[in-house]
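Below is one structure, written out as structure tokens; the observations come after it.
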Amino acid sequence: MDPYKDICTTPLEMLYQWSEQVPDRVFLRQPVNGQYKTYTWSQVNDQARRLASALLAQGLNKGDRVAILSKNCAEWFISDYAIQLAGLISVPLYPMQTPDTLEYVLTHSDSKVIIIGKLDGATTMEPGIPENVIRIAMPYDMDMRIDHQWDSLLSNVEPSTENPIHPMDLLLYEYGILEFCCWVNIHTSNIVFSINSLTTLFWQRIFNTSVISKSFKEIKFF
1 MDPYKDICTT
11 PLEMLYQWSE
21 QVPDRVFLRQ
31 PVNGQYKTYT
41 WSQVNDQARR
51 LASALLAQGL
61 NKGDRVAILS
71 KNCAEWFISD
81 YAIQLAGLIS
91 VPLYPMQTPD
101 TLEYVLTHSD
111 SKVIIIGKLD
121 GATTMEPGIP
131 ENVIRIAMPY
141 DMDMRIDHQW
151 DSLLSNVEPS
161 TENPIHPMDL
171 LLYEYGILEF
181 CCWVNIHTSN
191 IVFSINSLTT
201 LFWQRIFNTS
211 VISKSFKEIK
221 FF
């Protein structure tokens, strides 16, 4: 039994809610070649579901690890939603690291797929990606070998119809100044529960109320 089931709202639950209630409202804004590209809630939901189907079509099983290597961008959000929808485990990676550290994390986590996005100096990190790890490219220029391009991959699958409520774990790695790498297995419900608890406490202190409105804010990347 999940102890957080009745006391917190997960990211997936919020995705379901807003894609149903305000499907055409802008959720994400991503700069591309000097122009902002917008993503509505329905578009994020559709792309995340298609990517979830595409990941499972690569032969992954629920509980397998998928790494994300990118600077902050809209497609990072979509990838993270997709990993949760598919019942997989996210392995977020810092966008600037040595090939040795990258190889260690991908090998230690047993990542089956790496989703690669906006990077500076991607070619210097490429030697750290093991040959057996499937490479999926976000829709940006890539200067390394890629197995699947974002747009073509998503256009060739049907959106996932599953609606899991509670996301699975993520593997979070921390990098020390001596280049030792430690990791922790985090259940995202713990994060959501902590944030909800702190938010509730804040509003109770300010307004002396326990009524919290579940809303959202449009996210803009730079």
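So the sequence shown is numbered by my numbering: it starts at 1 and just counts up by one. We put the CB at the ideal spot given by N, CA and C, even for glycine.
Cα-Cα separation, residue i to residue j
{"i": "I165", "j": "Q84", "result": "9 Å"}
{"i": "D143", "j": "L153", "result": "19 Å"}
{"i": "H108", "j": "T98", "result": "15 Å"}
{"i": "P127", "j": "Q21", "result": "45 Å"}
{"i": "T9", "j": "E103", "result": "35 Å"}
{"i": "P23", "j": "W76", "result": "20 Å"}
{"i": "Q17", "j": "K62", "result": "24 Å"}
{"i": "L12", "j": "R25", "result": "17 Å"}
Cβ-Cβ distance between residue i and residue j below 7 Å
{"i": "Q47", "j": "I78", "result": "yes"}
{"i": "P95", "j": "K71", "result": "yes"}
{"i": "Y81", "j": "L15", "result": "yes"}
{"i": "A67", "j": "I114", "result": "yes"}
{"i": "I129", "j": "H148", "result": "no"}
{"i": "D120", "j": "P139", "result": "no"}
{"i": "L170", "j": "K112", "result": "no"}
{"i": "R50", "j": "V133", "result": "no"}
Own chain, CB closer than 8 Å to residue i, minus 5 neighbours either side, in chain order
{"i": "S19", "result": "W41, S42, V44, N45"}
For residue i, the residue or residues it bridges with in DSSP
{"i": "L102", "result": "According to DSSP, L102 bridges with nothing at all."}
{"i": "I78", "result": "Note: I78 sits in no beta bridge, so no partner."}
{"i": "A67", "result": "V91, I114"}
{"i": "I134", "result": "V113"}
Contacting residues, own chain, Cβ-Cβ under 7 Å from residue i (five flanking each side not counted)
{"i": "A52", "result": "A82, L85, A86, S160"}
{"i": "A57", "result": "V157"}
{"i": "A54", "result": "L153, L154, V157"}
Own chain residues within Cβ distance below 6 Å of residue i, not counting five before or after
{"i": "V105", "result": "Y173"}
{"i": "K118", "result": "S70, K71, C73, Y140"}
{"i": "N163", "result": "none"}
{"i": "I146", "result": "R135, A137"}
Practice prompt. At 3 residues or longer, and completely inside the stretch 137-177: list those beta strand (DSSP E) runs for me, N to C.
Written response: 169-175, all fully within the stretch 137-177.
Worksheet entry | Start-end ranges of the beta strand (DSSP E) lying completely within the stretch 19-55, minimum 3 residues | Listed in chain order, the complete beta strand (DSSP E) runs (minimum 3 residues) inside the stretch 19-55 are 26-32, 35-40.
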